[in-house]
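Novice: Using the numbering used here, read the sequence shown as starting at 463 and increasing by one per residue.
Can you read through this structure? Questions will come right after.
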Amino acid sequence: MNAPRGRVVIVTGTSTGVGKTVATATLASRARTNGEKVTVVKPVQTGTDDGDCDAAEIQRLTGIEVHELTRLGEPLAPDTAARRAGVEIPPVAAYAPTISALTRDNDLVLVEGAGGLLVRLDTDGGTLLDLADALLVGGTPTSFVVVTAAGLGTLNHTELTVAALRARGHEPDGLIIGSWPGDPGLAERCNRIDLPRVTGVPLLFGIPEGIDNHSQLT
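Here's what the structure looks like:
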């Protein structure tokens, strides 16, 4: 008899720098606090030459193992970094069996994307949407959360991201504001109300800006 399977949650964002990494760390920490066994996957990690990568930050904040499947030196979009390095990245859907296998020993597998939803993660132009489709075809429960910014412009960016997900048949589990200011202005306060209203997707939580240690994640 097959072992019970966990689920995959893909953490995507409306752009780069919106807080996907700390959101992934927060989701991982909260799930573990609730008694779940958790691991994290970074399908494509760029910027490794700088020594300041997302995987290391997640591990620092949570102590949870992070699986990096492809590493590229320059801090660029994966397809661009690969072309400049003269290498090819395998189709992102090819990572599905590796990620699916992790669900056999974990209740939750968090997959952090790079940049926004439609960033090309391989040489053929594949995106997180292609990875999600491959996981679902293989029978692995898979869903998305969308990390978004707090300030002006976030409504448009978030609606576009949610629309792209729905166009491929994916209804996101929720939105996360990746960095909520300590003294929010009028735009931020309005956006916190308007984000779920304009997208029809629940706002799960906002993460206080400046989180720097594990105790702040929960």
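Just so you know, even glycine gets a beta-carbon here, dropped at the ideal spot from N, CA and C.
All values reported here derive from a predicted model rather than from experimental measurement.
1. Quick one: is Asp-511 buried, meaning 16 or more other Cβ sit within 10 Å of its Cβ, or exposed?
2. Work out the CA separation of Leu-637 and Ile-669 for me, nearest whole Å.
3. Assign Gly-631 to one of two classes, buried (16 or more other C-beta atoms within 10 Å of its C-beta) or exposed (fewer than that).
4. With DSSP run on the structure shown, which of helix, strand or coil describes Lys-504?
5. Kindly confirm or deny that the stretch 572-588 and the stretch 532-552 touch, where touching means at least three C-beta pairs closer than 8 angstroms.
6. Is DSSP giving Ser-759 helix, strand or coil here?
7. What are the boundary residues of the alpha helix (DSSP H) that Val-660 is part of?
8. Measuring alpha carbon to alpha carbon, tell me which residue in Arg-566, Arg-467 and Glu-574 is nearest Ala-518.
9. Go ahead and pull the three-state DSSP assignment for Val-609.
10. Rounded to whole angstroms, what is the Cα-Cα separation between Pro-634 and His-529?
11. Would you tell me roughly how many angstroms separate the C-alpha atoms of Thr-610 and Thr-623, rounded to the nearest one?
12. Determine the direct distance from the alpha carbon of Leu-580 to that of Ala-556, and round the result to whole angstroms.
13. According to DSSP, simplified to helix, strand and coil, what is Val-470?
14. So the beta strand (DSSP E) His-529 belongs to, where does it begin and stop?
15. Thinking C-beta only, is Pro-658 closer than 8 angstroms to Leu-648?
16. With three or more beta-carbon pairs closer than 8 angstroms as the criterion, would you say the stretch 466-483 touches the stretch 603-622?
17. Give me the Cβ distance between Arg-494 and Val-502, rounded to the nearest whole Å; I'm assuming they're in contact under 8 angstroms.
Specialist: From the atom records:
1. exposed
2. 11 angstroms
3. exposed
4. strand
5. yes
6. The chain is shown only over 463 to 680; residue 759 falls outside these bounds and no answer can be derived.
7. 648-661
8. Glu-574
9. strand
10. 23 angstroms
11. 10 angstroms
12. 17 angstroms
13. strand
14. 528-533
15. no
16. yes
17. With a Cβ gap of about 11 angstroms, Arg-494 and Val-502 do not count as contacting.
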